[in-house]
Structures are given as structure tokens and as C-alpha cells.
Amino acid sequence: MKNKFILIIFCLIYLVQCSNMGTVANTTAEKNTGNLIPYADYDSEGERIWGYLNEDSGEIVITAKYNHVNPFVGNYTTVMPNRWDTYIIDINEKRINVGQFDRAFFLAPESGKGAAVLLERKFQRKIFRFGGSFLGSSWSTGFYTEDYYKFRMINLVNGKTVIRNHVSYLSQCIENIGNYFLADKDLYQFLDNGNIICVAKNNIPLAAQILRGYFEQRGISAVVETSYRISINYRPYIREKFANPDFGKALQDLPSHFDMTYDKSEPFYREHTELLNAPLDISERKFLLHFTNEDPRGRVMGIYSESKGEWELPPWMEITDTETNITHTFYVTGIQKTNNPDIYGINITNAKIGWHRNVLVYGGYYSISKKEFMPNLYDEYPPRGGVILMMGGSTGRMINFPDFGTYYADFSRLK
2 MKNKFILIIF CLIYLVQCSN MGTVANTTAE KNTGNLIPYA DYDSEGERIW GYLNEDSGEI
62 VITAKYNHVN PFVGNYTTVM PNRWDTYIID INEKRINVGQ FDRAFFLAPE SGKGAAVLLE
122 RKFQRKIFRF GGSFLGSSWS TGFYTEDYYK FRMINLVNGK TVIRNHVSYL SQCIENIGNY
182 FLADKDLYQF LDNGNIICVA KNNIPLAAQI LRGYFEQRGI SAVVETSYRI SINYRPYIRE
242 KFANPDFGKA LQDLPSHFDM TYDKSEPFYR EHTELLNAPL DISERKFLLH FTNEDPRGRV
302 MGIYSESKGE WELPPWMEIT DTETNITHTF YVTGIQKTNN PDIYGINITN AKIGWHRNVL
362 VYGGYYSISK KEFMPNLYDE YPPRGGVILM MGGSTGRMIN FPDFGTYYAD FSRLK
């Protein structure tokens, strides 16, 4: 009888723990759907605090109360209610219990039907090392303290453990590939029901075969290269998608006072390994066109959509001075992508200001759809608190949070 009672208590505790993890796939409030981005407010002591709003509507979804936040990856993010603790929450602001961790790396499939988090814990251990020297460095014989890391991956949809106690630098060996992801030498797949399965365990030939079939099915001519690990070369796909461009209409549409000479072009697309929420497919042919004048430093640029046959962001810009009501012509000298495909960070100048880099260059975040600058966007939002978020790896397959983004900082402008 006593054993049965203990078993019942154990089962109840287990069920409570499972419920804390939660299954959020079917409980997302409709008002919270959409891309959530951080916004800043100030508390009663004048300290900056952060919350979230719907990027499309401007509606506040999570009120500002956190010491630090990060952008959402899929339906999840990390927040810091103070300077010491870090939590994982979903878009309903429900805290997800995943145990202790020092850093969290999020993965979300391109389909949006799933999410996982790679949790890192840092430990230290004593090792004995004999003295020696190498390349100008020397060390003595004795015990040393070294850092090491343990990783585990949790499926945030159903709370199941995907990878358990992996002792290595696993965070450096992960790459998102559409609805798949590589974790060191293992290939995993996000299923439409939210499950995550390992389709190739320490089997590089099988993983490469699966990925080649996946790319072929999607019409993506990427090259899957194999050695001791898998690497993916997207350059053939980029060359194919942007072959034989025609800029005749782009050059014809330049105004008569535009005295710059066309110099060169390059493909302009949202790289899925660098930008949050960027698709694997390239659906529109856009090019960055460069122009020069007689001054070697006089270089300007614009974004031309060959698919639509129009300038998305022309290399020139007419801006009217509200005080004098005089219109001035400016030139775009720099363009930076952001996590919003409609918004670019741009620099503008003209002959009066000068082309010198050490001269003040005007600019800001510019909305393509609204054809205006967005003065309520916050620049340079680096991660803090040891939390790194990602949608995919970089070309070196390192997990990096993009060092760019657009976030609301002026609370008075929000809805």
C-alpha cells in the first residue's frame, strides 16, 4: 500500500512538471500572432525597461517590465526580469520550465511548426599539465582550471529531450536548413506535428543524401559537401538565381539631374543564415546597384527589383526642409539590412555635405512601404546576459545573434 502511495505521488509530481513545460502549439492567443519585436520604456526611476509589440500593428503584446529582452525566434525568447536571472517565455508570456542553463540557443523551422532550444551550462574542472612551450607561449607543470560545457536540447512544443548531456562545443556545430538542422554529425528534422526526429545519427553519407534530396525537391541548387562534417555551399544557387540581370529600365528611370555613372551590381537578398525569419528560398531578384562620380569617394547605391521592374530604394532621395520648404536632393551612400524586410538602415549625403567619411552623414531607418524615415526605431541592439539567439549558423556554422536589427525605443509613438 505504501509503495502504491509513493508511486501515485511520483506520478503526480511528474505530471505537474510536464504541465510546466506545456504544449504551446495549440494555445497561442490569436492576438499574439505575428512578429514580436522589443520596445523600450522607462520605469519610475528612469531606468530603461523592455517589452514586446506586434511589429505590423504596433500593438503592445507584452508590457515593458524586463531588464533585458531578446527578439523572438518562432514563438519563444529569453528575458531577464533582473540582472541575474534569465527565463524562457512564449508569446503568451508563459514561462517555460527547462531547468538551469547559462546560455540558450533557439532553433525554429522555416515552416513555423516547431521550436527547440539548445541549453548550455558552463562547468570547471582541474587538470594536470606538464610544462612546455609552443609558438612563443610557455607554461609550467601543475594543475590548472579549465572551462567545459554540457549541452542538452529540449523540444519546446512537447517538452521532450532531443539531445541529452552532450559534452562538447555543440553550439559551434549547429546550422538550420529549412525544416532540418545539423547538430555536429547528426541531422534532425522538424515534423509538422511539432515533433523533432533524428534522421541520420553520426552518419554523414545518409545526412548528405537526405539534404540533397531536400534541396532537389525545393529546386535549390546548393552543394552538400562532406568530409569529417557536412558543409553546404549555396553559391551555385545564388549564381543561378541572379544570372543575366537586365538593368535597362533601372538606368532609364534615373532622373536627369542624377550625374552618377553606373559602376557595378551585386545580388541583394535576405541571407537565411544571418537574418532572423529569413526564408531558405529566394523568390525575388533584387540587386544592389553601385554608382560613382568624378570624386573617388563619391559612391552611391540603390536597390532595384528586377522582378518588379522598379527601384525599391532609389540611389537618390528628395527631402523637403520643413522650415524653409526647400527640397534638396540627397544620395544613398550606405544600406544595411534589418530583421524587417521592409526597413533598411541607410546613410544619405549630397555634394554640400561632402563625400568624406569623417563628415557627418545623415540617415536612419527607412521604410520602403511608407517612403519615410522611422525616427522611433532603436539602433544597435546587442545581446547581453550571455543569451544568444539564432535562426541558423553563419558561413562558419557558428551560432551568432545578428548584430543588427530594428526595435522601437520611443514609447510615445506606440499604439
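All residue numbers for the sequence shown refer to our numbering, where the first residue is 2 and numbers rise by one.
Idealized CB from N, CA, C, for every residue including glycine.
Fair warning: this is a prediction, and the values are worked out from it, not measured in the lab.
In this structure, the beta-carbon distance from M375 to I336 does not fall below 8 angstroms.
Pairing I175 with F102 gives a Cβ-Cβ distance that is not under 8 angstroms. Residue pairing by DSSP places Q125 opposite D148 in a beta bridge.
Under the 8 angstroms Cβ criterion, the stretch 154–166 does not count as touching the stretch 123–132, having fewer than three qualifying pairs. The C-beta distance from I221 to Y238 rounds to 5 angstroms, short enough to meet the 8 angstroms contact threshold. Judged by DSSP in its simplified three-state form, G303 adopts strand.
Along the stretch 69–122, the beta strand (DSSP E) occurs as fully enclosed runs of 3 or more residues at 77–81, 88–91, 104–108, listed in sequence order. Distance between D148 and D260, taken at the CA atoms: about 59 angstroms. From the listed residues D282, L188, F331, I89, the smallest Cα separation to L157 is found for I89. Counting other Cβ atoms within 10 Å of its Cβ, P206 stays below 16 and is therefore classed as exposed.
The residue among A41, Y53, S368 with its C-alpha nearest the C-alpha of N341 is S368.
For G249, the three-state secondary structure derived from DSSP is helix. The C-beta separation of T79 from N71 comes to about 5 angstroms, placing the pair in contact by the 8 angstroms criterion.
In the structure shown, the three-state DSSP call for R219 is helix. When DSSP states are grouped into helix, strand and coil, K242 belongs to the helix group. Excluding sequence positions up to five before and after A109, its CB lies within less than 6 angstroms of the CB of V74, G75, A116, all in the same chain and listed in chain order. Of the other Cβ atoms in all chains shown, 16 or more fall within 10 Å of the Cβ of R153; this residue is therefore buried. DSSP places I211 in the helix class (H, G or I) of the three-state scheme.
In its chain, beyond the 5 residues on either side, D343 have a beta carbon closer than 7 angstroms to the beta carbon of S370. Around the beta carbon of Q218, fewer than 16 other beta carbons sit within 10 angstroms, so the residue counts as exposed. In the three-state scheme derived from DSSP, where H, G and I count as helix and E and B as strand, L54 is classed as strand.
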